[in-house]
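Take a look at the structure set out below.
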Amino acid sequence: MDCIWQRRNPSLMHALGIYGGTFNPVHFGHLALARSLRDTFALSEVRLIPTGVPPHRPAPQATPTQRLEWLNLALATEQNLISDDREVRGKGVSYTFDTLTEIQQEQPHSLLVWLIGGDSLAHLPSWYRWQELLEVGHLVVANRPMFSQFPELISSELAKRNVPASPESLARGKISVLPLPLLSVSSTQLREKLAHGEDVSELSPIAATLQQSGVYSRST
Ligand code: ATP
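By UniProt numbering, the letter at position 118 of the sequence shown is numbered 118, and the numbering carries on one by one without gaps.
The following block contains the structure:
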């Protein structure tokens, strides 16, 4: 691919999609977002990175290994969406800044195109080294129901950095909004339905596996 961002950044040979999350457990929204990231920016690879110990929330009921295995099941038939187990293997809390910096060091010629949802963006100012994080790669935000209002700090970053969601606009320090209709599915909703023994086949590609595991059958 030879596009404008490569001509502007001749040392960057490749753009790599990064999508981190708890995936507790994986749902159709996660897949739709990852596919849209891949297709909108013509990425040859999107890595989905389940967190080991998440910094901003209580430990999930499912173990990191379970969440990773379920994610792999969900990705088995997907093109160019692959899991990355570095945070699951890592000990201690996983910070996005550290993960992105590590990947950037491994792939110095790649532009990292990393995705978060609107709820995560709203809380970004509480993240470790969040301002430096914005400079590491190109941030892509997925709109999420209930999260159209952002704190002033975030609104001003968006106003400064916003560029269209297209391969030609890719650049470090920029932010784009993913052109995808709102998806109301969440892992919380999935866990609640599983806890009530309800059918979740419309929410997750691995519904039967989740039901059989019993991991979420008692609590959310
Ligand atoms: P929970 O309900 O447990 O908070 P979740 O559904 O938000 O989980 P995560 O694995 O925590 O799932 O999400 C990973 C990333 O994907 C986060 O940045 C989150 O904002 C984003 N995301 C997840 N689901 C959606 C969705 N339906 N729309 C937009 N963004 C989403």
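Note that the Cβ used here is the ideal one computed from N, Cα and C, for glycine as well. Just so you know, these numbers come straight off a predicted model, no measurement behind them.
(request) Determine the DSSP secondary structure at serine 176, reduced to helix, strand or coil. (result) strand
(request) Could you check if serine 201 is buried or exposed, using at least 16 other CB atoms within 10 Å of its CB as the buried criterion? (result) exposed
(message) For the ligand ATP, I want to know if histidine 30 counts as a neighbour, meaning its beta carbon is within less than 7 Å of at least one of the ligand's heavy atoms.
(response) yes
(message) If distances are taken between C-alpha atoms only, which option among Arg218, Leu194, Leu203, Leu68 comes closest to glutamine 211?
(response) Leu194
(request) Keeping to the same chain, check which residues put their C-beta closer than 6 Å to that of aspartate 119; ignore five residues upstream and five downstream. (result) Arg144, Phe147
(message) Since proline 205 and leucine 48 should fall inside the 8 Å C-beta cutoff, what is the C-beta to C-beta distance between them, to a whole number of angstroms?
(response) With 8 Å as the limit, proline 205 and leucine 48 do not qualify as a contact, their Cβ atoms being about 13 Å apart.
(request) Within the segment 110 to 158, note down every full beta strand (DSSP E) run reaching 3 residues or more, in order along the chain. (result) 110 to 117, 138 to 142
(message) By the DSSP assignment, the alpha helix (DSSP H) with serine 213 in it spans what residues?
(response) 207 to 213
(request) Drop a sphere of 10 angstroms on the beta-carbon of proline 179, count the other beta-carbons inside from all chains shown, and report buried for 16 or more, exposed for fewer. (result) exposed
(request) Specify, as a first and last residue, the run of the alpha helix (DSSP H) that proline 64 falls within. (result) 64 to 75
(request) Could you check how far apart the C-beta atoms of asparagine 162 and isoleucine 175 are, in whole angstroms? I think they sit under 8 Å. (result) 5 Å
(message) Which of the three DSSP states is assigned to valine 46 in this structure?
(response) strand
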